[in-house]
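First residue of the sequence shown? That's 579 in the numbering used here, and the numbers climb one at a time after it.
So the structure is just underneath, and the comments pick up after that.
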Amino acid sequence: HQFCRVGRHAYVGGFSVVVMDALPFAKTVGQKPAFFGINRIGLSRKGMSAETIRRLDRALRLLVRSGLNTAQALEEIRRELPGDPEVDYLVSFVESAKRGLHKSAGRGGRGGKGAAEAEGGDA
């Protein structure tokens, strides 16, 4: 959609139908877009440290897979992961979303696991 935002260092799969904001640092894929984990390869190529990637992975897991609603997840992220500029950007991006976020957990074609999990646990 023309008014959707794609977060910094996000990966959006080809032919994905993006009608809400795509989370930063994450893989968003599909005609009914879903979250397929952190964009670990892209972040590594951009020179992010392993610790920053680990913290972003934790933040995204809290946001998408913890079972918490968005407000609760953001509160937990702030409590658990303070002082990280990339995590702070993620929180700010989510808080400023006007069209909603593509954050439903995706399912892959390999044994029902998410694509990232099937490829070695990047989700």
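Don't be surprised by glycine CBs; every beta carbon is placed ideally from N, CA and C.
Take residue i and list the residues in its own chain whose beta-carbon comes closer than 8 Å to its own, dropping the five residues that flank it on each side.
i, result
"K624", "H587"
"T630", "L621, D662 and E664"
"V595", "G608, Q609, K610 and P611"
"A675", "R583, M598 and D599"
Is it the case that the Cβ atoms of residue i and residue j are separated by a distance below 8 Å?
i, j, result
"G591", "G615", "no"
"A604", "N617", "yes"
"P602", "L679", "no"
"E654", "L646", "yes"
"F581", "R677", "yes"
Apart from the five residues just before and just after residue i, which ones in its own chain have a Cβ nearer than 7 Å to its Cβ?
i, result
"Q650", "none"
"S644", "A651"
Could you please give the first and the last residue of the uninterrupted alpha helix (DSSP H) stretch that includes residue i?
i, result
"A675", "Neither: A675 is in no alpha helix (DSSP H) and is coded neither H nor E."
"L652", "T648 to E658"
Apart from the five residues just before and just after residue i, which ones in its own chain have a Cβ nearer than 6 Å to its Cβ?
i, result
"L641", "A651"
"G689", "Confidence is the limiting factor: at G689 the pLDDT is only 31, short of 50, which leaves the residue's position unreliable and the question unanswerable from this model."
Quick check for students: name the residue ranges of the beta strand (DSSP E) that lie wholly in the segment 579-646, counting only runs of 3 or more.
604-607 and 612-616
Is it the case that the segment 633-652 contacts the segment 660-670, given that we only count it when at least three CB pairs across the two stretches are under 8 Å?
A contact exists between the segment 660-670 and the segment 633-652.
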